[in-house]
Amino acid sequence: MTTTTKKVLVTGTSAGGIGEFITRSLLENENVEVIGLARRQAEYGERYTHTQGDISDPSTIEKVKNAVGDRLDAAVFNAGILGEVNRVENANIDSVKHVFEINYFGPIVLTKAVLPALRAANGRAIYTSSLASENPVPGWLAYGGSKAALNTFVAILATEEPQITALAIEPGLVDTPMQATIREKQWDVMSKEAQRHFLEMKEKGLLVNPKDTGTTFAKMALHAKHDWSGKYAPWNDPLFENLN
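Under my numbering, the residue at position 125 of the sequence shown is numbered 132, and the numbers go up by one with no gaps.
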């Protein structure tokens, strides 16, 4: 790695999701190398280093920390799961806790691990949030709750760490395997209106192309302005136009 090379950590880099396209977009820049983390193996070429594991596993966190070293220009905390969809009265609390382990506590623990490296580079930390964090969907206690908590974490992190830029970005309804799962399972607990909405978004071609979202997240990782730190915003916010 040369002195001009930027080092970026991306979690959730498995094929098919937003993380794949964040990684591919970042690697279009010849001066960027990516350290990836995912539960499945992923390969993106010689400027990509992969750590296979779960973000909730302490041994995985240690491996990523060692791969990062003492300087990190940006981190995109993208790994996440939908988890259990169930009414509050029927919720399996262990299942809810598991979603929080992946979507909330995992990013916090990994942030702690790489914070010195981010400080050293005045780096950027980008977190994948969700519209469900502010628009409640029946049955999405675990997912929506974990993303709402993540937004608050990012806001607090920004107040505590003036040397870094921290942002929570809502990626839109993206055409990924998670959306396919939502359409196929059609949980009874979800309202008929919500079920119809997810189906129509696909049928009418209104889902966001993951490549578009990935490109924006990659630009945020490399170019987000420090005065945006602490914000929660949609991926296509006018604030982010002409970002380069």
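Think of the CB as a built atom: it goes at the ideal place given N, C-alpha and C, for glycine as much as any other residue.
Buried or exposed, going by whether 16 or more other CB atoms sit within 10 Å of the CB of Glu40? As a first step, residue 40 is located in the sequence shown; it is residue number 33 there, counting from the start. Buried.
Need the endpoints of the alpha helix (DSSP H) that Leu44 sits in, please. As a working note, residue 44 is residue 37 in the sequence shown. Not the alpha helix (DSSP H): Leu44 falls in the beta strand (DSSP E), residues 39 to 45.
To the nearest angstrom, how far is the alpha carbon of Lys199 from that of Thr56? Looking up residue 199 in the sequence shown gives position 192. Looking up residue 56 in the sequence shown gives position 49. Answer to the nearest angstrom: the Cα atoms are 44 angstroms apart.
Could you give the DSSP three-state label for Leu150: helix, strand or coil? Position 143 of the sequence shown, counting from 1, holds the residue named residue 150. Checking the sequence, you will find Tyr at residue 150 rather than Leu. It is helical.
Give me, in chain order, the residues of the same chain whose beta-carbon lies closer than 8 angstroms to that of Asn38; leave out the 5 immediate sequence neighbours on both sides. In the sequence shown, the residue the question calls residue 38 occupies position 31. Answer for Asn38: Thr9, Thr11, Thr12, Lys13, listed in chain order.
At the level of alpha carbons, what is the spacing between Glu248 and Asn110? Here residue 248 corresponds to residue number 241 of the sequence shown, with the count starting at 1. Here residue 110 corresponds to residue number 103 of the sequence shown, with the count starting at 1. The straight-line gap from Cα to Cα measures roughly 28 angstroms.
Quick check for students: name the residue ranges of the beta strand (DSSP E) that lie wholly in the stretch 61 to 89, counting only runs of 3 or more. 81 to 84
Please list the segments of the alpha helix (DSSP H) lying wholly inside the stretch 104 to 150, counting only runs of 4 or more residues, in order along the chain. 113 to 127
What residue range is occupied by the uninterrupted beta strand (DSSP E) comprising His57? Sequence index remark: in the sequence shown, residue 57 carries index 50 (1-based). Segment 55 to 59, the beta strand (DSSP E) holding His57.
Give the DSSP-derived three-state secondary structure of Leu174 in the structure shown. As a working note, residue 174 is residue 167 in the sequence shown. In this structure, Leu174 counts as strand in the three-state DSSP scheme.
What does a CB cutoff of less than 6 angstroms around Gly237 pick up in its chain, not counting 5 residues either side in sequence? For the purposes of this step, residue 237 is identified with residue 230 of the sequence shown, where counting begins at 1. Answer for Gly237: Ala162, Ala165, listed in chain order.
Can you list, in chain order, the residues of its chain whose CB lies under 7 angstroms from that of Ala49, leaving out five sequence neighbours each side? The residue labelled residue 49 in the question sits at position 42 within the sequence shown. For Ala49, where only same-chain residues beyond five positions count, the Cβ hits under 7 angstroms are Thr20, Ser21, Ala22, Gly43, His57.
Output the distance between the C-alpha atoms of Thr159 and Leu206, rounded to the nearest integer angstrom. As a working mapping, residue 159 is identified with position 152 in the sequence shown. As a working mapping, residue 206 is identified with position 199 in the sequence shown. Taking the straight line from one Cα to the other gives about 30 angstroms.
Anyone know if the C-beta pair for Ile171 and Gly113 falls short of 7 angstroms? Walking along the sequence shown from the start, residue 171 turns up at place 164. Walking along the sequence shown from the start, residue 113 turns up at place 106. Going by C-beta atoms, Ile171 is not nearer than 7 angstroms to Gly113.
Run the CB neighbour count on Thr188, radius 10 Å, all protein chains shown included, and call it buried at 16 or more, exposed below. As a first step, residue 188 is located in the sequence shown; it is residue number 181 there, counting from the start. Counting Cβ neighbours within 10 Å, Thr188 comes out exposed, since fewer than 16 surround it.
If we ignore side chains and look at the alpha-carbon of each, how far apart do Asn129 and Ile100 end up? Counted from its first residue, the sequence shown places residue 129 at position 122. Counted from its first residue, the sequence shown places residue 100 at position 93. Cα to Cα, Asn129 sits roughly 38 angstroms from Ile100.
If I follow the unbroken alpha helix (DSSP H) through Leu33, where does it start and stop? Taking the first residue of the sequence shown as 1, we reach residue 33 at position 26. Residues 25 to 34.
Put Leu206 into one of helix, strand or coil per three-state DSSP. Residue numbering aside, residue 206 sits at position 199 when the sequence shown is read from its first letter. Of the three classes helix, strand and coil, the one that applies to Leu206 here is helix, per DSSP.
Check this for me: beta carbons of Ile25 and Pro217, under 7 angstroms apart or not? In the sequence shown, residue 25 corresponds to position 18, counting from 1. In the sequence shown, residue 217 corresponds to position 210, counting from 1. Taking 7 angstroms as the Cβ cut-off, Ile25 and Pro217 qualify as a contacting pair.
Can you pull the DSSP bridge partners for Lys13? Counting from one through the sequence shown, the residue named residue 13 turns up at place 6. Val39.
What are the boundary residues of the alpha helix (DSSP H) that Ala228 is part of? The residue given as residue 228 occupies position 221 in the sequence shown. Segment 217 to 230, the alpha helix (DSSP H) holding Ala228.
Note the first and the last residue of the continuous alpha helix (DSSP H) segment covering Pro184. Here residue 184 is taken as the residue at index 177 of the sequence shown, counted from 1. Counting along the chain, the alpha helix (DSSP H) containing Pro184 begins and ends at 184 to 192.
With distances taken Cα to Cα, identify the nearest neighbour of Glu141 among Asn243, Ala156, Leu125. The residue you call residue 141 lines up with position 134 of the sequence shown. The residue with the shortest Cα to Cα distance from Glu141 is Ala156.
For Trp147, I'd like the list of residues in its chain whose CB is within less than 7 angstroms of its CB, leaving aside the five on either flank, ordered along the chain. In the sequence shown, counting from the first residue as 1, residue 147 sits at position 140. Cβ within range, chain order: Val92, Ala139.
As assigned by DSSP and simplified to three states, the class of Asn97: Within the sequence shown, the letter at position 90 stands for residue 97. DSSP places Asn97 in helix when its eight states are reduced to three.
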